[in-house]
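Respectively, the protein sequence lines represent chains A and B.
Under the numbering used here, the residue at position 22 of the first sequence is numbered 22, and the numbers go up by one with no gaps.
Under the numbering used here, the residue at position 199 of the second sequence is numbered 796, and the numbers go up by one with no gaps.
All C-beta atoms in this analysis are idealised placements derived from N, C-alpha and C, irrespective of residue type, glycine included.
Single-structure report; data block below.
Protein chains: 2
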Amino acid sequence: MNDNPLIHDRTLEFLLYEVLDVERLCRMPYFQDHSRQTFEMFVGSCRKFAREVLRSSYKPMDEAATSYEGGRVVTHPQTGELVQGLVDLGLVNATRPYEVEGQQLPSTIMLAANAYVTAANLSVQGFCMLTTGAAHLIEAFGSDELKETYMRRMYAGEWTGTMALTEPQAGSGLADIQTRATPTEEGHYLIQGSKVFISGGDNSFSENIVHLVLARIDGAPLGTKGISLFVVPRLRPEGEELLDNDVDTAGAFHKLGWRAIPSIALNFGEEGRCRGYLVGEPHRGLRYMFQMMNEARLGVGASAMATAMVAYEEALAYAKTRPQGRRFDQRATDPPANIIEHPDVRRMLLRQKAICEGALSLLLTSAHLLDRAEHGPEGEDTLHAATLVELLTPIAKTFPAEKGFESNVLAVQVLGGYGYTSEYLPEALLRDQKLNSIHEGTTGIQSLDLLGRKVLGTGGASLVALSQEFEQSSKLAAEAGVPAGWGNALMAANRRIADVTATLGARALEDPTRGLQHSVDYLDMVATAVLAWQWLLMATAAAEGLQTGAATDKLFYEGKLKAAQYWFATELPRVTTLADMITIGDDAFMTIPDEGF
Amino acid sequence: MNDNPLIHDRTLEFLLYEVLDVERLCRMPYFQDHSRQTFEMFVGSCRKFAREVLRSSYKPMDEAATSYEGGRVVTHPQTGELVQGLVDLGLVNATRPYEVEGQQLPSTIMLAANAYVTAANLSVQGFCMLTTGAAHLIEAFGSDELKETYMRRMYAGEWTGTMALTEPQAGSGLADIQTRATPTEEGHYLIQGSKVFISGGDNSFSENIVHLVLARIDGAPLGTKGISLFVVPRLRPEGEELLDNDVDTAGAFHKLGWRAIPSIALNFGEEGRCRGYLVGEPHRGLRYMFQMMNEARLGVGASAMATAMVAYEEALAYAKTRPQGRRFDQRATDPPANIIEHPDVRRMLLRQKAICEGALSLLLTSAHLLDRAEHGPEGEDTLHAATLVELLTPIAKTFPAEKGFESNVLAVQVLGGYGYTSEYLPEALLRDQKLNSIHEGTTGIQSLDLLGRKVLGTGGASLVALSQEFEQSSKLAAEAGVPAGWGNALMAANRRIADVTATLGARALEDPTRGLQHSVDYLDMVATAVLAWQWLLMATAAAEGLQTGAATDKLFYEGKLKAAQYWFATELPRVTTLADMITIGDDAFMTIPDEGF
């Protein structure tokens, strides 16, 4: 094993303190006890655990995978202690308020710390992330009793949690959820139904598993407006005892990656005695879920970024030490060059860097906006942040998932034949990455969220907010001495996006299907510009760093400027190609007869 | 298991007889005994075996994988009889002449038949393809004794063959091969060295394994000009006996896909008694290899195409039968629509179709050119075919490998969560596909072959030959009533490519590194245009079919025209983006300091 840093420390520091100036958050009351020092302590302890403990556990846990024996899932024997390690670091409730034993840390800092953890072992991190998500739902919408009984134990790491949404017949179509909840006179509901793809839906280390289940109360309205949210524990606490709650682990899916966290099919109430406890009010389940959606989707994006980043670091370390072939300017008698000296290997490495660091920057920016939106003072700035994070979330989820996958593919390619073997990590990371374009809303669903809900649904207001950011960033970039062409190119792309959006808005008014049918291309286009914006922000900070920073950082800052140059030269021009294509609105895939496929 | 057709019969028939008019080959003496009837018999029998026998073996063989026990590889118990089945079909030497028991079939027909076989079980096909490649080398360059002893038994399927090029320290850098061959007085050589990534390098079903090994005769010149080719059998025939030849199976690589054919590390001559037999003349080994390269690389391209195609068919079958969600024009009370009705699913399916069928068309076109180049009458037409197939080979290898992988990714995505599980085939096919951008020359190497050797190395003559084809095809397309914009767009792309090539030629004269550093982008650009040409050919035949063909084929032909429309609207414009980028010649990846990564 090489000494893969998982995430490049100096890059993270640069993003947090030079690009984002995250310390400003400490002026907000919620974060007032914090400082750069407390941020660094938290990130540092997570980093240490990730590097010294988690990293070496990844490969054996991937190889062993989880199994399904005697109706239960068997997780790798190390899993429990590793999850406990993360709980001890405070990772399950770091951002939550003091009254629920949290640390009131910014999501930005949480994301930074989590990046190391995820890059080291995403399955172990997955158990924690799911527990956080489920507990947070109870915290936000549950009764005091539910909080006392479930949330506290989940935040304390005693019990794990899951999100149980998907059903076999419905998939992404949540409107067709059939799991039933029948009210009883004792106040609880009886739950009956089947769920699939429940990550962490069973394990062999935690005392209890708390499922947050979407179900339909008898007589509820059709569609998404009749869905309620329930706490359904595997074991039901009664006094000091934990009683079986008729939740059956029906099977485990064999899957491509994430092999140390099981994906489970669950049957609730096969014997008619599965109790569920309503969270909040009836029929509002999906709304509750959606209020946690930004967090969950940024979580997936962050996981995707980390999975691409650790592979990039593997490829980089390999390229720097693997001699093979010669440069054109070498003679046959010269020893072979390290492959980092070959142009196409450099191209693949810079592309990975541009994708991975761009994604990290976007995710930290989004989390920073979320912190401002949730904890900033009432007023325009906070509303602006809220609008922006809503807009950016589908991009911050999808760009790392889709382009991150491309980056993972390039990492395999850099290692050549060895990349195809499990002697090295990239093939496993490639397998892990593929899930991220599917779970927590597929790329298609994210693109409809972006174009339909976030852009057209706000009458374009969210795009205006983004334009303001682009403009401001371009101005600051020019002042810092960044090549003027970059800011101008971003503003030109921005105008094209505005035009395309107006065209699609008009089209959608006439015919929603036609207006939205290029939504994935639209997301790709906007994401490409958003990443150019991120690289402009980084280039600005790098240009300033070159003037005022330490001499030892010179090559570091030059690296950032080169990656920015790459993005502006190679990727941003795609905005034009995509804009043309969307504007023309080619409909071949709509008009081809089914029999013509 | 659904009834996946592996390859769509009507599409293959269309390509062979309506687009390519492959029967014309029968006018050449080598193919004179053949007719559409004999072609169809051969393809039909391979198809039947692929569908009825091979297809169901794929999944269990992927799941069991090969293992390494007691110094030998254990292949799946079915492997031997399945390989024998392919041998019985004549698949190992179908294109070879009668005097070596071949059938003198065109490579075009062989590729068509092989497509079904590969789509059904690429590992089993792999054993045969490797045996063919190795035997063909002996046939072309070996002595009569080598042919008698080895080639005949390999073509007869008694012994399998491998290609042993790669060494652990050298990878793709064949100039650094260190395996030694020491002459003896008895005429044979003593071989000593290590090879890695030898596909089919060991198995537990064939009586003997014949390795075609690149090695350096003691005192040979440095670099690629000192490499010779040897036959090195695992067991050495002596009289009626087979004696151990000191070839040791040192280990097996665990790998992402192709799990039923092992990738092996071999040690030759650890005890100093490994005998090798020189093929042809000393120091010409790499030249011999390269004369087989077109065949081998088209083989990889064909495998990549088949791997993408079978996944496309899986996704298509799933999309047609999986109800989920509703169209915008449906009401909540309507039953869910099959997902093929959702725009983005249609987009993903049409993109897969355009890639897969485009790749199939390109591969058949290339094989057809190879047949003409090898067996046509002396003259300009034959030279033209030879020039074209040289040019197209790196594209016909790389496009299916790279875009085929994207197509495999889309197949997983269409199946959503199920696509990530091994309940369905796409995840396994995705794993298989990734090898194709790596083996038999990585994408980077193919791109240098295209730009450096095939284009600039011919002074642009090969591009002129391609331009003639584009022009001719555009003219015929216009006559057939294909939208005039398509032919015009192809010719415009062609002019851009010529301009870019001239620019790069001038640049390479000054500085080879600068001239070639965008070679992968160049390959992408040319491939995009070449695929547009293929879709223009198919559109032409489809337009003619709509006028003169059977009414029952109407939707089939419309499907081809829609896929062509998709390619011209969505992909061909990328030529401009790439041409701009290459012309500007951004050098960020060359000028970034190593420490800046």
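Distance between residue j and residue i (C-alpha atoms, nearest Å)
{"i": "A/L388", "j": "A/L463", "result": "8 Å"}
{"i": "B/V844", "j": "B/K792", "result": "11 Å"}
{"i": "B/D685", "j": "B/L840", "result": "27 Å"}
{"i": "A/N494", "j": "A/S467", "result": "7 Å"}
{"i": "A/N245", "j": "A/E63", "result": "32 Å"}
{"i": "B/G1055", "j": "A/M129", "result": "The sequence as given places Thr at residue 1055 of chain B; Gly does not occur at that position. About 58 Å."}
{"i": "A/L509", "j": "B/Q927", "result": "17 Å"}
{"i": "B/E1141", "j": "B/A1077", "result": "6 Å"}
{"i": "B/G1041", "j": "B/D1118", "result": "10 Å"}
{"i": "B/T642", "j": "B/H981", "result": "With the sequence shown as reference, residue 642 of chain B is identified as Ser, and Thr is not the correct amino acid for it. Between B/S642 and B/H981, the C-alpha separation is close to 33 Å."}
{"i": "A/R514", "j": "A/L555", "result": "49 Å"}
{"i": "B/L1022", "j": "A/L561", "result": "43 Å"}
{"i": "A/H342", "j": "B/L1175", "result": "21 Å"}
{"i": "B/K656", "j": "A/H76", "result": "26 Å"}
{"i": "B/G1156", "j": "A/C26", "result": "60 Å"}
{"i": "A/L504", "j": "B/R924", "result": "18 Å"}
{"i": "B/W855", "j": "B/R1028", "result": "8 Å"}
{"i": "B/D968", "j": "B/T705", "result": "7 Å"}
{"i": "A/T548", "j": "A/F470", "result": "24 Å"}
{"i": "B/A862", "j": "B/G869", "result": "18 Å"}
{"i": "B/L832", "j": "B/L811", "result": "18 Å"}
{"i": "A/G460", "j": "A/A304", "result": "28 Å"}
{"i": "B/R919", "j": "A/F589", "result": "18 Å"}
Residues near residue i by beta carbon distance below 8 Å, same chain, minus five either side
{"i": "B/V1039", "result": "Here residue 1039 of chain B is Thr; the residue named in the question, Val, does not match the sequence. Closer than 8 Å at Cβ, skipping near neighbours: S769."}
{"i": "B/A916", "result": "N935, I936, I937, V942, L946, V1011"}
{"i": "A/V530", "result": "L362, L392, I395, F399, L466"}
{"i": "B/E764", "result": "D773, I774, Q775, T776, G790, S791, K792, V793"}
{"i": "B/R607", "result": "D1150, F1153"}
Nonlocal neighbours in the same chain, by C-beta distance under 6 Å from residue i, ignoring five residues either side
{"i": "A/H375", "result": "M28, Y30"}
{"i": "B/E987", "result": "K1051"}
{"i": "B/T1125", "result": "E1168, R1171, V1172"}
{"i": "B/T729", "result": "V689"}
{"i": "A/L450", "result": "P394, L523"}
{"i": "A/R297", "result": "T393, K397, E440"}
Beta-carbon proximity list for residue i, same chain, < 7 Å, skipping 5 on both sides
{"i": "A/D524", "result": "L578"}
{"i": "B/L853", "result": "R1028, K1031"}
{"i": "B/P602", "result": "E910"}
{"i": "B/S1019", "result": "A1025"}
Problem set entry | Runs of alpha helix (DSSP H) lying entirely within the stretch 276 to 328 of chain A, each at least 4 residues, in chain order | Taking 4 residues as the minimum length, the alpha helix (DSSP H) runs contained wholly in the stretch 276 to 328 of chain A are 285 to 291, 293 to 321, in order along the chain.
Problem set entry | alpha helix (DSSP H) segments (min. 4 residues) lying fully within the stretch 406 to 449 of chain A | Runs of the alpha helix (DSSP H) lying entirely within the stretch 406 to 449 of chain A and spanning at least 4 residues, in chain order: 426 to 433, 443 to 448.
Problem set entry | Contained alpha helix (DSSP H) runs [length at least 4] in the stretch 75 to 145 of chain A, N- to C-terminal order | The qualifying runs are 79 to 88, 107 to 120, 122 to 141.
Problem set entry | Three CB pairs or more closer than 8 Å across the stretch 1164 to 1173 of chain B and the stretch 1122 to 1138 of chain B | Using a C-beta cut-off of 8 Å, the stretch 1164 to 1173 of chain B makes contact with the stretch 1122 to 1138 of chain B, since at least three inter-stretch Cβ pairs fall below that distance.
For this session: Please determine if the stretch 190 to 207 of chain A and the stretch 74 to 93 of chain A are in contact, where contact requires at least 3 C-beta pairs separated by less than 8 Å.
Result: Contact between the stretch 190 to 207 of chain A and the stretch 74 to 93 of chain A is established, with three or more Cβ pairs separated by less than 8 Å.
Exercise. When you check each C-beta in the stretch 934 to 946 of chain B against every C-beta of chain A, which residues fall closer than 7 Å?
Worked result: Here the close residues are I937, P940, D941, R943, R944, L946.
Exercise. Taking a cut of 7 Å between CB atoms, which residues from the stretch 156 to 173 of chain A lie near chain B?
Worked result: Those would be T166, A170, G171, S172, G173, in chain order.
Exercise. Residue ranges of each beta strand (DSSP E) run of no fewer than 3 residues wholly in the stretch 222 to 285 of chain A, ordered along the chain?
Worked result: List check, beta strand (DSSP E) in window: 228 to 233, 235 to 238, 241 to 244, 247 to 252, 263 to 268, 275 to 278.
Problem set entry | Contact residues within the stretch 1114 to 1137 of chain B, judged by C-beta distance below 9 Å to chain A | Taking 9 Å as the Cβ-Cβ cut-off against chain A, the residues of the stretch 1114 to 1137 of chain B that qualify are Q1114, H1115, S1116, V1117, D1118.
Exercise. Taking a cut of 9 Å between CB atoms, which residues from the stretch 915 to 927 of chain B lie near chain A?
Worked result: Those residues of the stretch 915 to 927 of chain B that come within reach of chain A (Cβ to Cβ, closer than 9 Å) are A916, K917, R919, P920, Q921, G922, R923, R924, F925, D926.
For this session: Taking only beta carbons into account, state which residues of the stretch 795 to 825 of chain B come closer than 7 Å to chain A, listed in chain order.
Result: Using a CB distance below 7 Å, the part of the stretch 795 to 825 of chain B facing chain A consists of L819, G820, ordered along the chain.
Exercise. Do the stretch 881 to 898 of chain B and the stretch 822 to 838 of chain B touch if we need at least three Cβ pairs shorter than 8 Å?
Worked result: As far as the Cβ criterion goes, the stretch 881 to 898 of chain B touches the stretch 822 to 838 of chain B, which means the pair count is three or higher.
Exercise. What residues in the stretch 1159 to 1184 of chain B have a beta carbon less than 8 Å from any beta carbon of chain A?
Worked result: So the close ones are K1159, A1160, Q1162, Y1163, A1166, T1167, P1170, R1171, T1173, T1174, D1177, M1178, I1181, D1183.
Exercise. Just checking, does the stretch 705 to 712 of chain B make contact with the stretch 890 to 909 of chain B on the three C-beta pairs under 8 Å criterion?
Worked result: With three or more CB-CB distances shorter than 8 Å, the stretch 705 to 712 of chain B counts as touching the stretch 890 to 909 of chain B.
For this session: Could you tell me which uninterrupted beta strand (DSSP E) segments, each at least 3 residues in length, are contained entirely in the stretch 159 to 213 of chain A, listed from first to last along the chain?
Result: List check, beta strand (DSSP E) in window: 160 to 164, 180 to 183, 189 to 199.
For this session: Quick one: which unbroken alpha helix (DSSP H) runs of 4-plus residues sit fully inside the stretch 1064 to 1103 of chain B? Chain order, please.
Result: Note on the stretch 1064 to 1103 of chain B: there is no whole alpha helix (DSSP H) run with a minimum of 4 residues.
Problem set entry | Residues from the stretch 601 to 633 of chain B in contact with chain A, defined by Cβ distance under 7 Å | Of all residues in the stretch 601 to 633 of chain B, none has a Cβ within less than 7 Å of some Cβ in chain A.
Exercise. Taking any Cβ of chain A, which residues in the stretch 656 to 673 of chain B have a Cβ under 7 Å from it, in chain order?
Worked result: Residues are counted here when their Cβ sits less than 7 Å from a Cβ of chain A; for the stretch 656 to 673 of chain B the count is zero.
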